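>
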Amino acid sequence: MSTVVVNAQESGAGGDALIHQPDALGFVDGDTSQYLLPTPEGALASLYFGVPGDEPFLGDWDCDGIDSPGLYRVSDGFVYLRNTNTIGTADVRFYMGEQGDRPLVGDFNGDGCDTISVYRPGTGQVFIANRLGSESRGVRADLEIFFGNPGDRPFAGDFNADGITDIGLHRDSSGLVYMRFDQTTGPAQASFFYGEADDQIFAGDWNGDGLESVGLYRSLDRSLLLSNENRLQQADVTYQFGEDDWIPVAGSVGDLTGLELVGPTDRPGVEVIAREGWGSAPIGQLEPHTIEEVTIHHSARSFAGSNSDAPARIRSYQRYHQDQGWPDIAYHFVIDRNGNVYQGRSPEGRGDTFTNYDPSGHFLVMVDGDFDGEPPTDAQIESLARMVAWGIDEWGIDPGDVGGHRDHAKTSCPGELLYGLIHDGTLAARTDELRRGGVALQILDGAGSLERVDQVEAAIDPDPGLVMLPVIPNLPAADVLARLAVCPGCAGG
């Protein structure tokens with residue numbers, strides 16, 4: 000289904016100022032018409048509105064700055080709107096368009112109120128209305144324009160941050176997105192590739208800058224991809240969540256106190272110590288690549304004492320690798336003996352190796368220790384499983400493409416005792432279990448990373464950062480991939 004996301008701007012005093020907040024991202028279960036809206040704590044608040052088959056959305060129908068449920072009944076062209084995020088019947092009901100039309104939601108004249116417009120797929124017509132109807136009358140369009148080709152899928156958003164909702168189209172046959180920034184008939188004023196034929200395309204303000212940009216939900220693998228700009232690019236945020244019949248909705252939903260909270264409200268996660276926390280040196284030029292498989296390494300260096308020297312060990316690995324002429328530590332993530340996970344080189348940058356295989360396309364995770372002579376700890380195995388599960392879902396890796404360094408080169412790495420867990424199914428079993436609910440990654444900020452390193456170095460790190468994190472991220476705080484993708488040495492950025 001096409002999903003339309005509303006303008007998340009709130010009028011200031013007298014309507015002269017605009018305060019931008021990131022949109023909250025929720026879902027509607029297409030089988031039950033259950034809205035699942037995120038709370039600030041990352042829980043899901045539940046309410047029901049409509050019937051299966053309706054096209055759901057959120058909008059500010061009463062101009063109070065809070066977006067609440069609405070739906071369009073494609074079978075008969077009726078619109079049903081509710082002014083509060085509570086369970087109940089429609090506060091507003093009217094007729095708009097005709098059977099088969101697709102709804103577009105937004106503030107089409109910049110007055111701070113959302114209304115319903117429709118797109119007629121058979122003709123490529125857009126019927127824009129700047130007011131809502133009532134029980135006794137429908138709504139006639141204030142403006143009619145042509146845009147796109149028959150069969151295009153419409154969505155709406157403020158694509159140029161001017162306070163007025165614009166029209167976008169997604170063409171399944173080509174994967175192209177087309178946008179117009181004014182309400183006139185004409186060709187696209189912007190176009191770029193985004194998504195695949197069966198993706199659900201929508202828009203929202205994901206980082207609070209006032210610009211509404213594209214997102215998509217890929218129900219086949221439950222992937223959310225959100226971009227902060229309307230152009231061809233790697234998604235700024237990716238997230239794994241939902242069911243194949245769920246429909247994404249977004250907006251400024253306000254206080255959801257009083258609604259039933261449904262689970263799960265969190266899922267397994269890993270708090271990653273950022274580079275600035277463990278004391279990374281400046282890096283050189285990285286070679287971009289596209290990840291296709293997971294390869295596990297060990298350091299081949301045994302632990303003589305406590306884990307308190309783990310940050311120093313990681314700095315020594317980076318220093319040694321850079322002494323070989325490499326731009327950075329060879330790996331994308333490192334796991335210490337207590338299971339703490341450290342950010343290595345950007346996953347966008349190809350790794351390095353002393354052996355005779357090409358690490359292009361490999362997601363490299365190094366587990367610190369010599370596993371020819373000592374077994375990995377339980378905390379290391381759990382952290383490794385979470386990192387592998389996250390990597391599989393993040394880049395769509397075939398679970399069969401998870402292996403050890405020795406699968407690609409003549410080496411004993413990652414050590415007999417760790418390699419055995421990879422190939423006897425132990426690691427795969429835990430990874431598969433984790434992937435059923437998804438794994439979240441959180442890069443600790445500078446202060447959080449420094450605090451965690453202080454704990455490690457003081458040998459007071461009983462919690463390795465294996466935590467439960469919110470099911471739905473509070474954007475933009477959960478913009479994990481954007482932090483990982485900071486690749487100052489990568490060509491082109």
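Numbering-wise (numbering that gives the first Met the number 0), the sequence shown opens with residue 0 and increments by one.
Just so you know, even glycine gets a beta-carbon here, dropped at the ideal spot from N, CA and C.
Every value quoted in this text rests on a predicted model; they were computed, and no experiment measured them.
1. Counting along the chain, where does the alpha helix (DSSP H) carrying MET386 start and finish?
2. What three-state label does DSSP hand PRO310 in the structure shown?
3. Mind checking which residues open and close the beta strand (DSSP E) that includes ARG152?
4. Determine the closest residue to SER165 out of ASP106, ALA388, PRO413, with distance taken between C-alpha atoms.
5. With DSSP collapsed to three states, give me the class of LEU420.
6. May I have the straight-line CA-CA distance separating LEU175 from GLY150, to the nearest angstrom?
7. What number of angstroms, rounded off, separates the C-alpha of LEU440 from the C-alpha of GLU415?
8. Report back the beta-carbon spacing between GLU211 and GLY445 to the nearest angstrom; my notes put them in contact at under 8 Å.
9. Could you give the DSSP three-state label for PRO398: helix, strand or coil?
10. From the DSSP output, in three-state form, read off ALA484 for me.
11. If you draw a straight line from the alpha carbon of ARG349 to that of ASP453, how long is it in whole angstroms?
12. Please report how far the alpha carbon of THR410 lies from the alpha carbon of ARG344, in whole angstroms.
13. Can you look up ALA476 in the DSSP assignment and give me helix, strand or coil?
14. One question on the structure: do TRP394 and PHE362 come within less than 8 Å of each other, judged by their Cβ atoms?
15. Evaluate the contact criterion for the region 201-218 versus the region 239-252: three or more CB pairs, one atom per stretch, below 8 Å.
16. Let me confirm a value: ILE272 is counted as buried when at least 16 other C-beta atoms fall within 10 Å, else exposed. Which label applies?
17. Quick one: is GLN342 buried, meaning 16 or more other Cβ sit within 10 Å of its Cβ, or exposed?
18. Give me the Cβ distance between ILE282 and VAL364, rounded to the nearest whole Å; I'm assuming they're in contact under 8 Å.
19. Indicate the three-state DSSP secondary structure (helix, strand or coil) for ARG274 in the structure shown.
20. Using only CA atoms, which one of VAL125, SER279, LEU383 lies nearest to HIS320?
21. Look up ASP431 in the DSSP assignment and say whether it is helix, strand or coil.
22. Rounded to whole angstroms, what is the Cα-Cα separation between ASP204 and ASP161?
23. GLU347 to HIS404, Cα distance in whole Å?
24. Does the region 249-259 come into contact with the region 70-78, if we say contact requires no fewer than three beta-carbon pairs (one atom in each stretch) closer than 8 Å?
Quick answer:
1. Position 387 of the sequence shown, counted from the first residue, corresponds to residue 386. That run of the alpha helix (DSSP H) goes 377-394.
2. The count along the sequence shown starts at 1 and reaches residue 310 at position 311. In this structure, PRO310 counts as helix in the three-state DSSP scheme.
3. As a first step, residue 152 must be located in the sequence shown, where it is residue number 153. Segment 152-156, the beta strand (DSSP E) holding ARG152.
4. Start at 1 with the first residue of the sequence shown, and residue 165 comes out as number 166. It should be pointed out that residue 165 corresponds to Asp in this sequence rather than to Ser. That would be ASP106, whose Cα lies nearest to the Cα of ASP165.
5. The residue you call residue 420 lines up with position 421 of the sequence shown. Helix, per DSSP.
6. Taking the sequence shown and counting its residues from 1, one reaches residue 175 at position 176. Taking the sequence shown and counting its residues from 1, one reaches residue 150 at position 151. If you take the alpha carbons of LEU175 and GLY150, they lie about 13 Å apart.
7. As a first step, residue 440 must be located in the sequence shown, where it is residue number 441. As a first step, residue 415 must be located in the sequence shown, where it is residue number 416. If you take the alpha carbons of LEU440 and GLU415, they lie about 28 Å apart.
8. Position 212 of the sequence shown, counting from 1, holds the residue named residue 211. Position 446 of the sequence shown, counting from 1, holds the residue named residue 445. At roughly 30 Å, the Cβ-Cβ gap does not stay under 8 Å, so GLU211 and GLY445 are not in contact.
9. Here residue 398 refers to the residue found at position 399 when the sequence shown is read from its first residue. In this structure, PRO398 counts as helix in the three-state DSSP scheme.
10. The count along the sequence shown starts at 1 and reaches residue 484 at position 485. With a pLDDT of only 42 at ALA484, under 50, the local geometry of the prediction cannot be trusted, and the value read off the model is given with reservation. Note: ALA484 maps to coil in three-state DSSP.
11. Here residue 349 refers to the residue found at position 350 when the sequence shown is read from its first residue. Here residue 453 refers to the residue found at position 454 when the sequence shown is read from its first residue. Taking the straight line from one Cα to the other gives about 30 Å.
12. Counted from its first residue, the sequence shown places residue 410 at position 411. Counted from its first residue, the sequence shown places residue 344 at position 345. Each residue's alpha carbon lies about 23 Å from the other.
13. Residue numbering aside, residue 476 sits at position 477 when the sequence shown is read from its first letter. Note that ALA476 has pLDDT 34, beneath the 50 cutoff, so the model's placement of it is unreliable and no number is given.
14. As a working note, residue 394 is residue 395 in the sequence shown. As a working note, residue 362 is residue 363 in the sequence shown. Yes, these two residues count as a Cβ contact at 8 Å.
15. yes
16. Sequence index remark: in the sequence shown, residue 272 carries index 273 (1-based). ILE272 is buried by the Cβ-count criterion.
17. Residue numbering aside, residue 342 sits at position 343 when the sequence shown is read from its first letter. The residue in question, GLN342, is buried, as its Cβ has 16 or more Cβ neighbours within 10 Å.
18. Against the sequence shown, residue 282 aligns to sequence position 283. Against the sequence shown, residue 364 aligns to sequence position 365. About 18 Å; that fails the 8 Å criterion.
19. By one-based count along the sequence shown, residue 274 stands at place 275. Looking at ARG274 - three-state DSSP - the assignment turns out to be helix.
20. On the sequence shown, position 321 is the one that residue 320 refers to. Checking every option, the nearest Cα to that of HIS320 belongs to SER279.
21. Along the sequence shown, one-based indexing puts residue 431 at 432. Helix, per DSSP.
22. The residue labelled residue 204 in the question sits at position 205 within the sequence shown. The residue labelled residue 161 in the question sits at position 162 within the sequence shown. Roughly 13 Å separates the two Cα atoms.
23. Numbered from its first residue, the sequence shown carries residue 347 at position 348. Numbered from its first residue, the sequence shown carries residue 404 at position 405. Using only the alpha carbons, I get a separation of about 19 Å.
24. no
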